[in-house]
Structure formats: C-alpha cells, structure tokens
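Working notes for the structure below.
In the numbering used here, the protein residues as written are 2 to 203.
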C-alpha cells in the first residue's frame, strides 16, 4: 500500500476504517476519509460513485477501496480516486453489523432524492436531513436507505424524490417528511399524508 512517487497513474487497494465524507458547497459529495494502518487518506470518489453512495454509511465501517493514484511532482502530492468501494472483511472483526445489513439486500428499501443544485436550493438539503432523522425516529434506519441521484428532470418543482414503491413527489418540504414516512412505511396514520402535493406514478 505504499504511495509511489511516479507521476504515472497506478492502481491502489486500501482497507481501512471509514472516517467521514468530504462534502463541498454543503451538499456536493466529493470523497471520503479513510483511516488505514499507514495513516489517514483523502480519497476522491469517481463520478459514478458519488450519486450512488449511501450517505448514511456508519463511521467506523471497514471498507475496501480500489482505484487509481497519481503523483503530482509540482505539488508534491498524491491524488487518489476510488473506482470501487466495498465493505471489507477485516481481521479486527468490527464490520459485523454492516455485514448483516449487506446480507439482506432484499429487505432494504431506497428513497431516491435529487442532489442537483435547483432541488438543493429549494430545500433539498433540509429534506435529506429530515428524512434521515425521521427514519431513525421511526426505527427504519436499517431497512430504508436514502440515495442521492442526478437530475429528475423536474427542476422547477424541486425538491424531488421517489419512494421505494416508485411514487414520485415534488415540492416536498422537511415539515412534510413525517407524514410521508407514515404513508409509505406504516399501516396507520394514512390520513396525515393528504396534504402532500404532486403524486405521480413513474
């Protein structure tokens, strides 16, 4: 896992503990911090990984990261770009809880939330925070994940999201989240969701 001083692009494979995400402009996912036996590394995420990454990944989770590295002699720094990120099997055995979630993918449902700037300006960031908080309050944090996506082609009606049953919602605000979670993940309290606008089946 040594970092070479060659300016050519080479491959790397790191195993370590997930420390945190690196977010730009308050909502743009750029990369992650990984703690390894050789120190702490900032690893950029390739574009295809940024929109697919689960932002609720628990800190301390053991990950295996595969990608490319390039040394810049002018800046005397190495740039690491992840192409694949997987839950790692570590000798330290602290990934058990994460592995349990990974072994039951059929039971995990996903809420898709647009991460583009128009939706973010219209309350998308607060919406994501409210969704995460409400899932924890409802005890659904291990069975429902929030996944950021690219543009949903409905910018003027943002923020936009798609529930696990493919129901699409627009102009959703943070205060409506409890009713939305009730509607889709609870057999009771269906009436609370009556004031949620723009309900379209994809």
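Glycine residues also receive a C-beta, built at the ideal position from the N, C-alpha and C atoms.
Quick caveat, the model's predicted, so the values are computed rather than measured.
Separation of residue j from residue i, as counted between CA atoms
i           : j           : result
residue 135 : residue 10  : 43 Å
residue 146 : residue 58  : 10 Å
residue 53  : residue 186 : 23 Å
residue 207 : residue 166 : Within the shown structure, residues of the chain are numbered from 2 to 203, placing residue 207 beyond reach of any answer.
residue 160 : residue 74  : 43 Å
residue 154 : residue 37  : 40 Å
residue 77  : residue 62  : 30 Å
residue 152 : residue 29  : 13 Å
residue 173 : residue 60  : 29 Å
residue 171 : residue 72  : 44 Å
residue 180 : residue 109 : 20 Å
Chain-order list of residues whose beta-carbon lies under 6 Å from that of residue i (same chain, five-residue window excluded)
i           : result
residue 116 : 149
residue 23  : 31, 32
residue 45  : 32, 82
residue 178 : 131, 132, 135
Endpoints, alpha helix (DSSP H) assigned at residue i
i           : result
residue 112 : Looking at the DSSP string, residue 112 is not in any alpha helix (DSSP H); the run it does join, the beta strand (DSSP E), is 110-115.
residue 135 : 126-138
Given residue i as reference, the closest of the options once Cα atoms are compared
i           : options          : result
residue 163 : 132, 39, 138, 65 : 132
residue 89  : 15, 82, 166      : 15
residue 176 : 156, 83, 125     : 125
residue 39  : 27, 17, 56       : 17
residue 19  : 83, 34, 172      : 34
residue 41  : 47, 21, 171      : 21
residue 68  : 56, 60, 43, 55   : 43
residue 143 : 48, 55, 120, 26  : 55
residue 84  : 170, 60, 174, 47 : 47
Residues of its chain near residue i, where Cβ-Cβ distance is below 7 Å and the 5 sequence neighbours each way are ignored
i           : result
residue 86  : 50, 64, 66
residue 123 : 159, 160
residue 113 : 148, 150, 162, 163
residue 204 : The shown model of the chain, from 2 to 203, leaves out residue 204, and the question about it has no answer.
residue 25  : 31
Bounding residues of the beta strand (DSSP E) (the contiguous stretch that carries residue i)
i           : result
residue 44  : 40-46
residue 183 : Counting along the chain, residue 183 falls outside any beta strand (DSSP E), though it belongs to the alpha helix (DSSP H) covering 178-186.
residue 55  : Segment: none, residue 55 is in no beta strand (DSSP E) and carries neither H nor E.
residue 24  : 11-25
residue 142 : Counting along the chain, residue 142 falls outside any beta strand (DSSP E), and DSSP gives it neither H nor E.
residue 87  : 78-88
residue 174 : Taken as a continuous stretch (DSSP letters only), residue 174 belongs to no beta strand (DSSP E), as it is neither H nor E.
residue 167 : Here residue 167 belongs to no beta strand (DSSP E), and DSSP marks it neither H nor E.
Same chain, Cβ closer than 8 Å to residue i, five either side skipped, listed in chain order
i           : result
residue 70  : 4, 5, 10, 11, 12, 13, 79, 80, 81, 82
residue 182 : 132, 135, 136, 139, 141
Supposed close pair residue i, residue j - CB separation, criterion 8 Å
i           : j           : result
residue 129 : residue 156 : The Cβ separation is near 17 Å, so there is no contact.
Closer than 7 Å to chain C by CB, residue i
i           : result
residue 109 : The structure shown contains no chain C, having only a single protein chain.
Residue i beta carbon near the ligand MG (any heavy atom closer than 6 Å)
i           : result
residue 109 : What this structure holds is no ligand at all, so the ligand MG is not there to describe.
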